[in-house]
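Per the working numbering, the sequence shown starts with residue 9, numbered consecutively.
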Amino acid sequence: MREQRRQRLVAIVVGAAIGLALLAVLIGVSYDRLWIPSRPVAQVGSTTLTRGDYWRERRNDIARNMSQNLQLLSLFGAQFGNQFEGQLAALDAEVPNIRSAGVDDTTVSGWIDRQLVIQNAASEFNLSVSDGEIAQQLIGDLGRVFAPPPPAPTSTTTLTPTAEPATATAPAATATPGGPTETAPPPTPTSPPTATPLPDAALAQQDAVIGRLYDTYQQEMLRLSPDPTQPLKANLTLDDFKTALHDQYLRQALASKVEAQLLPEASFTPSTEPNSIEVRQILISTTTTISDTQAQRDAALAARRPAAEAILAELRGGADFAELAKQKSEDFATRDAGGTLPTFDITGKTSDGHQMDPAIVKAALALSESAISELIPTPFGWHIIQLVHRNVETKQVQLQAARSKKFDEWLAQKRTAATIARFPAVTPTPTTPPTPTGGILPTVQLYATPTATAVVTATATLEPTTTAPATATVVPTAAATATP
């Protein structure tokens, strides 16, 4: 009897232990598989991005970045192959660690913006896009790189040879007075622009393009394997790429429709101002210093004016500007190139990040192409410029730039007005105020040669009987601070 009670007690204890263990496992699985994936990460209006949604969104974001890098690798692999290949390997290595990694702010911000576009395009303009319109955007971007090769031509029926026609006798050549006439070279064939297919046609091509993109991804992962016997596993699936690209081009197609609503083409007037200007110059330099007075600078210009006028007279007489610049320009940085300066815009900002003298910009804007300016005085001497080319962007380029700007402003307004939440809430990092300095350093006139000045502060007494002497440190940038 006692033995039966003991066995019953043991069975109860063992059963309870097993039950508790199973309950712990069930709680752990529920927490990991149900509770954590259901936790919110962000919310736009009534649409919530849960942790599980975020994991999928992060995979899609990596797939989008992978697609972009594969596209760039196909186009520019010869020059930047190592850079793109390194990014491919790094992106793919992120995929297995998505669940354990922290939330990526860029991915969440991209999801928020896409939701803002979808929600406000529908509520404000009653806009939506079809799968065919999404496919059009995709084919327009990726089709020329990842379009499948055309099918091999099928064999045709062999034609029966026919009798060869009699060979025509060429007429005798007649001498042309004044010598032979030069024959114009044949025109160079121009590749026709690739037309964007209609929605239904684009939808039919979409799977083939994404399939080839995915094949390229798998091949790159195999090629990047450090050990050929243990090839790298491609961590993204074909469905990852399909979903990622669908979401990307859904937003892009909607954005195009919103842009057209914000700025209709009929209401747009293009600018006639150039976005880049190319000129040549001949410089007749003067030797002056910053400390010279205005009278001294004027005298230096007057002394070189006859030489400048002589060169201008040669140009007016028909001399070739570039050749004359090579011979007589005193700007040794540009003379070997015929005086060609870096291109600049109407504000004078050059293509290499410098600033053109306002007098040269003003003169260039007043010239027609190939025209030559009068003498232009600057602190460097006399300049003569020739306008080589004024580039004015086409109406379509200007319209797209203006629409993109309007769209960015519209999206910023919607972002401000929308109810957007992040979980946990993002708090701005407090900015530490700058530590006040002991004094304000003196300023110097622009372009002036700084003069070092020692500023000595009062000595600091360390002990009643010992005084630390002040030592001055001179700073070469126009002021020095004494250190005790």
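Just so you know, even glycine gets a beta-carbon here, dropped at the ideal spot from N, CA and C.
Residue i: CB within 7 Å of a non-hydrogen atom of the ligand PLP
i, result
"G325", "This structure simply doesn't include the ligand PLP, nor any ligand for that matter."
Proximal residues to residue i (C-beta, below 8 Å), its chain only, five neighbours per side dropped
i, result
"A24", "none"
"L271", "L407, A410, R411, K414"
"L80", "F88, F92"
"R64", "T251"
"G27", "none"
"A257", "The identity of residue 257 in the sequence shown is Tyr, whereas the question assumes Ala. Within the same chain, Y257 has close Cβ partners I142, A143, Q145, L146, D149."
"T386", "D365, A367, I368"
"G346", "R288, F329, A330, E331, A333, K334"
Assigned secondary structure, residue i (DSSP; H/G/I helix, E/B strand, else coil)
i, result
"P314", "helix"
"E401", "coil"
"S284", "strand"
"S293", "strand"
"V18", "helix"
"L57", "strand"
"Q394", "strand"
"A210", "helix"
"P104", "helix"
"G325", "coil"
"R47", "coil"
"G389", "strand"
"V111", "coil"
"V217", "helix"
"A426", "coil"
"V137", "coil"
"I147", "helix"
"I384", "strand"
"A466", "With a pLDDT of only 43 at A466, under the threshold of 50, the placement of this residue in the model should not be trusted; the figure read from the coordinates follows. Looking at A466 - three-state DSSP - the assignment turns out to be coil, as it is neither helix nor strand."
Between the CA atoms of residue j and residue i - distance to the nearest angstrom
i, j, result
"D300", "D306", "10 Å"
"R14", "A32", "27 Å"
"E338", "L309", "14 Å"
"D100", "R59", "21 Å"
"L30", "R72", "41 Å"
"T114", "M74", "15 Å"
"P205", "P239", "38 Å"
"A97", "F249", "16 Å"
"M9", "R16", "11 Å"
"V22", "Q227", "54 Å"
"I44", "P158", "48 Å"
"S106", "Q127", "The amino acid occupying residue 106 in the given sequence is Ile; Ser does not appear at that position. Computed Cα separation, rounded: 28 Å."
"T55", "A433", "17 Å"
"L244", "V125", "27 Å"
"V103", "I70", "8 Å"
"A420", "V116", "16 Å"
"L323", "V405", "37 Å"
"S131", "A209", "30 Å"
"A19", "R66", "49 Å"
"D344", "R313", "23 Å"
"G356", "L83", "33 Å"
"T427", "G53", "5 Å"
"A274", "K403", "12 Å"
"I285", "F388", "21 Å"
"R259", "I380", "50 Å"
"A242", "D139", "28 Å"
Cβ of residue i within 8 Å of any chain D Cβ
i, result
"A316", "The structure shown has no chain D; it contains just one protein chain."
Same chain, Cβ closer than 6 Å to residue i, five either side skipped, listed in chain order
i, result
"F133", "Q269"
"T224", "L78"
"L57", "V49, A50, W119"
"S46", "T58"
"R430", "A50"
"D360", "P350"
"E417", "none"
Residues of its chain near residue i, where Cβ-Cβ distance is below 7 Å and the 5 sequence neighbours each way are ignored
i, result
"Q95", "N77"
"T280", "V400"
"D255", "N68, R122"
"E11", "none"
Quiz item: Three or more beta-carbon pairs under 8 Å between the stretch 363 to 374 and the stretch 309 to 323, yes or no?
Solution: no
Practice problem: Let me know the alpha helix (DSSP H) ranges lying completely inside the stretch 333 to 375, each 4 residues or longer, listed in chain order. | Solution: 366 to 374
Practice problem: Report yes or no: do three or more beta-carbon pairs, one from the stretch 39 to 57 and one from the stretch 80 to 96, lie closer than 8 Å? | Solution: no
Exercise. May I ask you to verify whether the stretch 369 to 385 touches the stretch 340 to 359, counting CB pairs closer than 8 Å and requiring at least 3?
Key: yes
Quiz item: Taking one C-beta from the stretch 214 to 234 and one from the stretch 146 to 160 each time, how about it: are there three or more such pairs within less than 8 Å?
Solution: yes
Self-check item: Three-pair Cβ contact test at 8 Å for the stretch 321 to 329 versus the stretch 254 to 269
Solution: no
Practice problem: Count the C-beta pairs between the stretch 103 to 110 and the stretch 289 to 296 that are closer than 8 Å, then say yes if the count reaches three, no if not. | Solution: no
Quiz prompt | alpha helix (DSSP H) segments (min. 4 residues) lying fully within the stretch 222 to 289 | solution = 246 to 270
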